[in-house]
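Numbering follows full-length UniProt numbering, in which position 310 of the sequence shown is assigned residue number 310; successive positions increment by one, without gaps.
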Amino acid sequence: MVADGNTPAPPERLWRNPEPKRNYDVVIVGAGGHGLATAYYLARNHGITDIAVVERGWLAGGNMARNTTIIRSNYLLDASAALYDHALRLWEELPEELEYEFHFSQRGVLNLAHTEQEVRDARRRAFANELNGVDAEWLTPDEIAEVCPILDTSPNLRYPVLGATYQRRAGIAKHDLVAWGLARKCDEMGVDFIQNREVTGFLTDEDRVVGVRTDKGDIGAGRVGLAAAGRTTLLTDTLGLRLPLQSHPLQAMATEILEPVHPCVVMSNHVHVYTSQAHKGELVLGAGIDTHNGYAQRGSVHVVENQLAAAVELFPVFARAHLLRTWAGTVDVTPDASPIIGPTPYENLFVNCGWGTGGFKATPGAGWVFAHTIATGAPHPLNEPYGMERFTTGALIDEHGAAAVAH
């Protein structure tokens, strides 16, 4: 069947939905962006294709479907900048590599500074980025107005915009298309996706993990990679393995579809909002996590109110836009706001967790290094600093506030 005389019609399904086998070389728990990318790079980079990706709901129906799609790499600390910029370089290659267009739009990200201290911090981060080979610029208010004319850069604001860092390579992508492109290519290489099957625990042989327990039966595994985001501790707790994580709702919202008006991504830590315009035309807004712990995929009304007030303050033109929907994901946060990627005290069990609000932008980079860790049993140089032992040695990667809003 063809769509026209020259173009083959798309396949009826992008991936299979097989019944699971009894055993796999690798089982990945979680079919979000990181689970999909891990499976992809295990097959692509390491030749491991006997993989099951087990998902409690539907493929990419968790945080992968609930984020605000921002991609950037302008983090302060060396370890963070290296990992996120590796991810950004992979983002730039993936559409061609996956043979699947997911509309990666490198429209640039502005991180605003509203106080003298924020100016010093932001300029420091821009200089650090340059030293690490990450593109970064410092813009004055007049230069910001040229990049984003709808942003109020006048001195009349409650917190006037004094400047901003600008990463031109940063931008947004369509998260659902990213997931479908990864899943399609994984399926071509023989990876099984097991949807609507919840992992409830692990099969163990003394201090060795040999598979996973699910609500529909056990699945054996040579190695298990845990990429379950905010539900990570629900699983590790079954082993008595306590991880330094807290789960929080993180919410965002979108307006009605508008004509193109917002040319870039704008992030403000001081009034705490970030905004972009999706490819279809909705304004997408978000801010920080809800302060309470929880697993609910909805947020608090006061957070919505504060986000909208901040957005209208910075963008008066948004005042008459109609809010259509809000949603939330469940994010897991570590004490130093950086992820944990590596082996655990249990042999053959590996974790990729603690990404907080930064998971989507790291998707291909996280998958690359987690696949290496699972395949070789040892961390990749890029994720070596991210082991859980740093919380006992004190070698923290403290990105709290280091890169403005953490998203």
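Using N, Cα and C, we set each Cβ at its ideal position, and we do this for glycine too.
Once you ignore the five residues that flank residue 85 on each side, which residues in its own chain have a CB closer than 6 Å to its CB?
Mapped onto the sequence shown, residue 85 falls at position 85. Taken in chain order, the residues that qualify are 73, 134.
What residue ranges within the segment 298–381 form continuous beta strand (DSSP E) runs of no fewer than 3 residues, ordered along the chain?
Secondary structure in the segment 298–381: the beta strand (DSSP E) runs of 3 residues or longer, each lying completely within the stretch, are 323–333, 340–343, 349–353 in chain order.
Return the chain-ordered list of same chain residues with a C-beta closer than 7 Å to the C-beta of residue 102, the five sequence neighbours on each side being excluded.
As a first step, residue 102 must be located in the sequence shown, where it is residue number 102. Here the set comprises 95, 173, 174, 177, 178, 181.
By the three-class DSSP mapping on this structure, what secondary structure does residue 46 have?
Start at 1 with the first residue of the sequence shown, and residue 46 comes out as number 46. Taken through DSSP and simplified to helix, strand or coil, residue 46 comes out as helix.
Residue 378, buried or exposed, once every other Cβ within 10 Å from all chains shown has been counted against 16
Your numbering for residue 378 matches position 378 in the sequence shown. Per the 10 Å Cβ criterion, exposed.
Out of curiosity, what's the CA-to-CA distance linking residue 208 and residue 332?
As a first step, residue 208 must be located in the sequence shown, where it is residue number 208. As a first step, residue 332 must be located in the sequence shown, where it is residue number 332. If I take the Cα positions, the gap works out to 25 Å.
Assuming residue 382 contacts residue 369 under a Cβ cut-off of 8 Å, what Cβ separation, rounded to an integer in Å, is found between them?
Within the sequence shown, residue 382 is the residue found at index 382, counting from 1. Within the sequence shown, residue 369 is the residue found at index 369, counting from 1. About 5 Å separates the CB atoms of residue 382 and residue 369; that is less than 8 Å, so the two are in contact.
Return the CA-CA distance between residue 99 and residue 69, expressed in angstroms with no decimal places.
In the sequence shown, the residue the question calls residue 99 occupies position 99. In the sequence shown, the residue the question calls residue 69 occupies position 69. Roughly 20 Å between the two C-alpha positions.
Taking the alpha carbon of residue 147 as the reference point, which residue from 165, 76, 329, 212 has its own alpha carbon closest?
Position 147 of the sequence shown holds residue 147. Here the closest residue by C-alpha is 165.
Just how far apart, CA to CA, sit residue 2 and residue 13?
Within the sequence shown, numbered from 1, the residue matching residue 2 stands at position 2. Within the sequence shown, numbered from 1, the residue matching residue 13 stands at position 13. Low per-residue confidence applies at residue 2: pLDDT is 45, beneath 50, and the placement is therefore not dependable, though the value from the model is reported in the following sentence. A direct Cα-to-Cα measurement between residue 2 and residue 13 gives close to 15 Å.
DSSP on residue 147, reduced to helix/strand/coil?
Numbered from its first residue, the sequence shown carries residue 147 at position 147. DSSP places residue 147 in helix when its eight states are reduced to three.
Give me the Cα-Cα distance between residue 39 and residue 119, rounded to the nearest whole angstrom.
Along the sequence shown, one-based indexing puts residue 39 at 39. Along the sequence shown, one-based indexing puts residue 119 at 119. About 41 Å.
Measure the beta-carbon distance from residue 310 to residue 273 and round it to whole angstroms, keeping in mind my assumption that it falls under 8 Å.
For the purposes of this step, residue 310 is taken as residue 310 along the sequence shown, with counting starting at 1. For the purposes of this step, residue 273 is taken as residue 273 along the sequence shown, with counting starting at 1. Yes, residue 310 and residue 273 are in contact; Cβ-Cβ is about 4 Å, under 8 Å.
Residues in the same chain with beta-carbon distance under 7 Å from residue 140, minus the five sequence neighbours each way, listed in chain order, please.
Mapped onto the sequence shown, residue 140 falls at position 140. Cβ neighbours of residue 140 beyond the five flanking positions: 163.
The segment 31–50 in contact with the segment 319–327 per 3-pair CB rule at 8 Å
With the cut-off at 8 Å, the segment 31–50 and the segment 319–327 do not touch.
Residue 154: buried (16+ other C-beta within 10 angstroms of its C-beta) or exposed?
Taking the first residue of the sequence shown as 1, we reach residue 154 at position 154. It is exposed - the Cβ of residue 154 has fewer than 16 other Cβ atoms within 10 Å.
Can you tell me the Cβ-Cβ gap for residue 42 and residue 252, rounded? I've got them flagged as a contact below 8 Å.
Counted from its first residue, the sequence shown places residue 42 at position 42. Counted from its first residue, the sequence shown places residue 252 at position 252. Rounded, the Cβ-Cβ distance is 31 Å, inconsistent with contact.
Cβ pair count under 8 Å reaching 3, the segment 215–227 against the segment 275–294:
The segment 215–227, when compared against the segment 275–294, does not touch it at the 8 Å Cβ threshold.
Neighbour-count burial assignment, residue 358, 16 or more Cβ in a 10 Å radius:
On the sequence shown, position 358 is the one that residue 358 refers to. Residue 358 counts as buried, since at least 16 other C-beta atoms from the protein chains shown sit within 10 angstroms of its C-beta.
Extent of the continuous alpha helix (DSSP H) run through residue 115
Taking the first residue of the sequence shown as position 1, residue 115 is located at position 115. Careful: residue 115 lies outside any alpha helix (DSSP H) and carries neither H nor E.
Cβ-based neighbour list, residue 243, same chain, cut-off 6 Å, excluding 5 preceding and 5 following
The residue given as residue 243 occupies position 243 in the sequence shown. Leaving aside the five residues that flank residue 243 on each side, the residues in its chain whose CB is nearer than 6 Å to its CB run, in chain order, 233, 236.
If the criterion is Cβ atoms closer than 8 Å, does the pair residue 277 and residue 283 meet it?
Position 277 of the sequence shown, counted from the start, is the residue given in the question as residue 277. Position 283 of the sequence shown, counted from the start, is the residue given in the question as residue 283. Yes, these two residues count as a Cβ contact at 8 Å.
Let me know the secondary structure DSSP gives residue 206 once reduced to three states.
By 1-based counting over the sequence shown, the position of residue 206 is 206. Looking at residue 206 - three-state DSSP - the assignment turns out to be coil, as it is neither helix nor strand.
Buried versus exposed, by CB contacts within 10 Å (16 or more), residue 125
Counting from 1 along the sequence shown, the entry for residue 125 is found at position 125. By the neighbour-count rule (16 or more Cβ atoms within 10 Å), residue 125 is buried.
Got a sec? Which residues, its chain only, sit under 8 Å from residue 317 by beta carbon, not counting five neighbours each side?
Position 317 of the sequence shown holds residue 317. Excluding residues up to 5 positions away in sequence, 150, 261 lie with their Cβ nearer than 8 Å to the Cβ of residue 317 in the same chain.
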